[in-house]
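Trainee: Just so we're on the same page, my numbering is the position in the sequence shown counted from 1, plus 4.
Built from N, CA and C at the ideal position, the CB exists for glycine as well.
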Amino acid sequence: MTQRLNSPEKAGELLALRRLVAFPTETVFGLGAIATDDETLRRLFAAKGRPSDNPLIVHLASLEQWPQAARELPESARLLMDAFSPGPLTVVLPKHPAISRLATASLDTVAVRIPACEVTRRVLRTAAVPIAAPSANRSGRPSCTTWQSVWEDMEGRIDAVLCENVQAIGLESTVVDCTGEYPLLLRPGAISLAQLQGVVAETLAAVQTSALTNSPGLRHPHYRPVACLKLVRPPGDGDDVVESDLSQVAYCGLSEHRAKDRFKLHRRYATVEDYAQNFYEFLRESDRLFASEIWCEEVVAEGLGFALADRLQRAAGLK
Ligand code: TXA
Ligand code: MG
């Protein structure tokens with residue numbers, strides 16, 4: 005049975021007792037397990053249906069805790085963490101032997117993040133041990149930005165959910181590999197390449213092929229709704245939906261569609277930030293309504309739009 009919790013401290017206590025507990029963060033919900041315990045990690049991979057070659061992010065309550073997860077802190081990582089941690093930044097570091105090989109999919113490196121969200125910090129401070137936490141969705145599904153969506157995916161499969169919704173960015177953290185000569189951006193997020201380069205000028209964006217070897221998780225399908233997702237241009241005067249039946253189509257984007265009343269669901273977001281924040285929940289809502297198609301407006305790949313464009317393409321199966 006899955007317990008509903010309302011206390012972050014209780015969530016932290018259960019994590020320390022080797023339970024699987026989902027909790028909110030400032031990016032998306034995470035599903036936590038002690039990062040040093042093989043048995044709990046096996047249960048976590050099974051609960052998510054996650055392939056064992058996809059490594060997890062280890063979450064810490066504070067920067068001082070890094071020696072519990074990593075063997076060393078390369079200079080580039082120190083600079084980036086001083087600038088952006090706590091926050092939506094994950095750095096890949098040389099792995100400490102105490103971290104289970106299951107958490108890192110047998111890599112010699114470990115991904116580390118220190119969340120900024122106060123609720124998450126209370127959970128992690130109480131647990132007081134490194135907590136491996138992938139996003140709290142069933143593997144391949146859109147990430148969860150509400151506890152209700154976590155419940156939908158995970159009820160009966162995990163021990164507890166911390167039922168608190170927080171103001172979140174809505175996209176997963178920026179992942180940067182700091183084990184090489186230069187930092188390498190593996191997954192775009194709220195902290196942009198330009199911001200990273202403002203701190204370590206040599207930071208590079210991984211081209212897709214090297215990202216695949218550096219970040220095995222990117223091989224697998226991600227963020228997929230059940231309905232078929234199409235990326236569309238912002239609607240202009242010339243679009244030809246006049247004759248189409250839109251009654252089974254869910255639409256979202258920055259524009260208001262001329263035919264908005266004919267869609268099954270129509271959501272217009274005021275800003276890219278707003279779009280990012282609501283994107284995963286929109287996909288889930290479309291599936292709950294059994295929409296047959298989802299049309300998402302493309303965004304300009306700048307700043308947070310770069311990360312959102314990445315998720316849009318993955319959700320559409322284009323990456
Ligand atoms: O915002 C987030 O990062 C959320 C919250 C819960 O913190 N977590 C999250 O975890 O998105 P997950 O498991 O959905 O994504 C982890 C990503 C994957 O792309 C994985 O391949 C990469 O981090 N990763 C983990 N360990 C790695 C490592 N040692 N080297 C390279 N990439 C790694
Ligand atoms: Mg995920």
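Using a Cβ distance threshold of 8 Å, determine whether the stretch 28 to 43 contacts the stretch 101 to 110, with at least three qualifying pairs required.
Mentor: yes
Trainee: At a cut of 8 Å, does the stretch 300 to 320 reach the stretch 175 to 193 through at least three beta carbon pairs?
Mentor: The stretch 300 to 320 vs the stretch 175 to 193: in contact.
Trainee: By Cβ distance, which residues of its chain are closer than 6 Å to Val127, with the 5 residues on each side in sequence left out?
Mentor: Pro12, Ala15, Gly16 and Phe27
Trainee: What does DSSP give as the partner residues of Thr94 in its beta bridges?
Mentor: Arg117 and Val179
Trainee: Assess contact between the stretch 282 to 296 and the stretch 172 to 189, defined as three or more Cβ pairs (one per stretch) separated by less than 8 Å. Is contact present?
Mentor: yes
Trainee: Please report how far the alpha carbon of Lys52 lies from the alpha carbon of Gln171, in whole angstroms.
Mentor: 24 Å
Trainee: Please go through the same chain and pick out, in chain order, the residues whose beta-carbon is closer than 7 Å to the beta-carbon of Pro239, but skip the five residues on each side of it.
Mentor: If we look at Pro239 and ignore the five residues flanking it on each side, its Cβ neighbours are Ser259, His261 and Arg262.
Trainee: Looking at Asp41 and the ligand TXA, is the gap between the Cβ and the nearest heavy atom below 8 Å?
Mentor: Relative to the non-hydrogen atoms of the ligand TXA, the Cβ of Asp41 never comes closer than 8 Å to any of them.
Trainee: Between the beta-carbon of Ala132 and the beta-carbon of Ala20, is there less than 9 Å?
Mentor: yes
Trainee: When we look at the beta-carbon of Gln69 and count the other beta-carbons within 10 Å, is it buried (16 or more) or exposed?
Mentor: buried
Trainee: Thinking just about the alpha-carbon of each residue, which of Pro59, Thr124, Leu77 and Leu235 is nearest to the one in Pro90?
Mentor: Here the closest residue by C-alpha is Thr124.
Trainee: Between Thr31 and Val96, how many whole angstroms is the CB-CB distance? I'm expecting something under 8 Å.
Mentor: Thr31 to Val96, Cβ: 17 Å. No contact.
Trainee: Enumerated in chain order, which unbroken segments of the beta strand (DSSP E) with a length of 3 residues or greater are wholly contained in the stretch 21 to 48?
Mentor: Runs of the beta strand (DSSP E) inside the stretch 21 to 48: 25 to 27 and 34 to 38.
Trainee: Rounded to whole angstroms, what's the CA-CA distance from Ser214 to Tyr186? Just pull it up for me.
Mentor: Residue confidence for Ser214 is low, a pLDDT of 49 falling below 50, so the modelled location carries little weight and cannot support an answer.
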